[in-house]
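Notes follow the structure.
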Amino acid sequence: MTYRPELLKESERYRGRRRAPVPSRRRYAAVLATAAVGAGAVVLSSGAAIDDAKTDPFTGEVAAYAQSQGDGARADAAERANRSEERTMAATADTAVAWVLPLHDYELRTRHGDPRQGIDLTGLPEGTPFAAVHAGTVTQSGWNGAFGISIIIDHGDGVQTVYAHASRVLVPVGQKVAAGDMIALVGNTGLSRSPHLHLEVHVNGVPQNALTWFQKQGLDFDLEIESPYGA
Numbered sequence: 077m078t079y080r081p082e083l084l085k086e087s088e089r090y091r092g093r094r095r096a097p098v099p100s101r102r103r104y105a106a107v108l109a110t111a112a113v114g115a116g117a118v119v120l121s122s123g124a125a126i127d128d129a130k131t132d133p134f135t136g137e138v139a140a141y142a143q144s145q146g147d148g149a150r151a152d153a154a155e156r157a158n159r160s161e162e163r164t165m166a167a168t169a170d171t172a173v174a175w176v177l178p179l180h181d182y183e184l185r186t187r188h189g190d191p192r193q194g195i196d197l198t199g200l201p202e203g204t205p206f207a208a209v210h211a212g213t214v215t216q217s218g219w220n221g222a223f224g225i226s227i228i229i230d231h232g233d234g235v236q237t238v239y240a241h242a243s244r245v246l247v248p249v250g251q252k253v254a255a256g257d258m259i260a261l262v263g264n265t266g267l268s269r270s271p272h273l274h275l276e277v278h279v280n281g282v283p284q285n286a287l288t289w290f291q292k293q294g295l296d297f298d299l300e301i302e303s304p305y306g307a
């Protein structure tokens, strides 16, 4: 429908610009922009349409766009949550198979030159925290005769690791630990001459050559190499 402005009555006229009635469905707002050109000024004007609060196709498009953006945001949030869950599951899996050094910056020695009697990590200040080399369950925590204060962890399949001569334990019997979890502090308890960590590995109750057995798991105490993703 073509809109035709109504003619103004003489009484409605005034000096200067004239104002004509506008259709109820649409209004026009004058937008003035001033730009300096040389020594003068140029005034530009353009009409910007402002819709009434009535049904309009553009309004529907805006609503649909907003809804689509909301749906997209929810989809992005769900995808991020899925990625986070996948990373958590991967980290849990890596922790379950990892073999790590109990501590670092040590001097490696074998008891009486026989690694079947375990290895000694020396040159450590008393109170240095050390960790579980592999995931498992604590089966002994506290005083253990010649071992002094010790921790024994059962890793399943008949494999146990023994950590001896600690000054203090940090985990109780029955505690499940992951590779890298701190379990005790280096000490000088039991049959020990200086602060150090004595470490043994037993399979079905039989002491193993600790150096070669750990190497098969990707854990090299001589070169201080770990296996955070399993052997």
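Counting along the sequence shown from 1, when you hit position 181 you're at 257 in the working numbering, and nothing is skipped either side.
Beta carbons: idealized from backbone N, C-alpha and C, even for Gly.
Computed from a prediction, not measured in an experiment: that's the story for all the values here.
Query raised in the report: With DSSP run on the structure shown, which of helix, strand or coil describes residue 215?
Result: Residue numbering aside, residue 215 sits at position 139 when the sequence shown is read from its first letter. Note: residue 215 maps to strand in three-state DSSP.
Query raised in the report: Which stretch, first to last residue, makes up the alpha helix (DSSP H) that contains residue 287?
Result: Residue 287 sits at position 211 when you count from the first residue of the sequence shown. Run containing residue 287: 286 to 292, per the alpha helix (DSSP H) assignment.
Report task. Sort 183, 254 and 204 by Cα distance to residue 195 and report the nearest one. Result -> Reading the sequence shown from its first residue, position 119 is the one you call residue 195. Minimum Cα-Cα distance from residue 195 among the listed residues 183, 254 and 204 corresponds to 183.
Query raised in the report: For residue 202, which residues of its own chain have a beta-carbon under 7 Å away from its beta-carbon, when the five flanking residues on both sides are left out?
Result: Counting from one through the sequence shown, the residue named residue 202 turns up at place 126. Excluding five sequence positions before and after residue 202, the CB atoms of its chain that fall closer than 7 Å to its own CB belong to 243, 262, 263, 264 and 271, given in chain order.
Query raised in the report: If you count every other CB in all the chains shown that lies within 10 Å of the CB of residue 301, and 16 or more means buried, which is it?
Result: Reading the sequence shown from its first residue, position 225 is the one you call residue 301. The residue is exposed, with fewer than 16 neighbouring Cβ atoms inside 10 Å.
Query raised in the report: Straight-line CA distance for residue 228 to residue 217?
Result: As a working note, residue 228 is residue 152 in the sequence shown. As a working note, residue 217 is residue 141 in the sequence shown. When rounded, the distance between both Cα atoms is 7 Å.
Report task. Could you spell out the range, first to last residue, of the beta strand (DSSP E) harbouring residue 205? Result -> Locating residue 205 in the sequence shown gives position 129, counting from the first residue. For residue 205, the uninterrupted beta strand (DSSP E) run begins and ends at 205 to 207, by DSSP.
Report task. Sort 277, 274 and 256 by Cα distance to residue 210 and report the nearest one. Result -> The count along the sequence shown starts at 1 and reaches residue 210 at position 134. For residue 210, the nearest C-alpha among the options comes from 256.
Query - Buried versus exposed call for residue 178 [16 or more other C-beta atoms within 10 Å across all chains shown] - result: Translated into the one-based positions of the sequence shown, residue 178 becomes position 102. Around the beta carbon of residue 178, 16 or more other beta carbons sit within 10 angstroms, so the residue counts as buried.
**Report entry** Backbone secondary structure at residue 221 - three-state DSSP
**Finding:** For the purposes of this step, residue 221 is taken as residue 145 along the sequence shown, with counting starting at 1. DSSP places residue 221 in the helix class (H, G or I) of the three-state scheme.
Query raised in the report: DSSP three-state call for residue 173: helix, strand or coil?
Result: Taking the sequence shown and counting its residues from 1, one reaches residue 173 at position 97. In the structure shown, residue 173 sits in a helix (DSSP, three-state: H, G or I).
Query raised in the report: Using DSSP with H/G/I as helix, E/B as strand and the rest coil, what is residue 251?
Result: Taking the sequence shown and counting its residues from 1, one reaches residue 251 at position 175. DSSP places residue 251 in coil when its eight states are reduced to three.
Query - Supposed close pair residue 238, residue 200 - CB separation, criterion 8 Å - result: Residue numbering aside, residue 238 sits at position 162 when the sequence shown is read from its first letter. Residue numbering aside, residue 200 sits at position 124 when the sequence shown is read from its first letter. With a beta-carbon spacing of about 17 Å, residue 238 and residue 200 fall beyond the 8 Å limit used to define contacts.
Query raised in the report: Does the Cβ of residue 222 have 16 or more other Cβ atoms within 10 Å, making it buried, or fewer, making it exposed?
Result: Position 146 of the sequence shown, counting from 1, holds the residue named residue 222. With fewer than 16 other beta carbons inside 10 angstroms of its own, residue 222 counts as exposed.
**Report entry** Alpha-carbon spacing of residue 295 relative to residue 286, whole angstroms
**Finding:** Stepping through the sequence shown from its first residue, residue 295 is reached at position 219. Stepping through the sequence shown from its first residue, residue 286 is reached at position 210. For residue 295 and residue 286, the gap between their C-alpha atoms comes out near 10 Å.
Query - Nearest-angstrom Cα separation, counted from residue 220 out to residue 176 - result: The residue you call residue 176 lines up with position 100 of the sequence shown. The residue you call residue 220 lines up with position 144 of the sequence shown. Cα to Cα, residue 176 sits roughly 24 Å from residue 220.
Query raised in the report: Along the chain, which unbroken stretches of the beta strand (DSSP E) at least 3 residues long are found entirely within the region 230 to 274?
Result: Listed in chain order, the complete beta strand (DSSP E) runs (minimum 3 residues) inside the region 230 to 274 are 235 to 245 and 258 to 262.
Query raised in the report: Since residue 207 and residue 258 are thought to touch, with beta carbons under 8 Å apart, how far apart are those beta carbons, to the nearest angstrom?
Result: Against the sequence shown, residue 207 aligns to sequence position 131. Against the sequence shown, residue 258 aligns to sequence position 182. Between residue 258 and residue 207 the Cβ distance is about 5 Å, and since that is below 8 Å, they are a contact.
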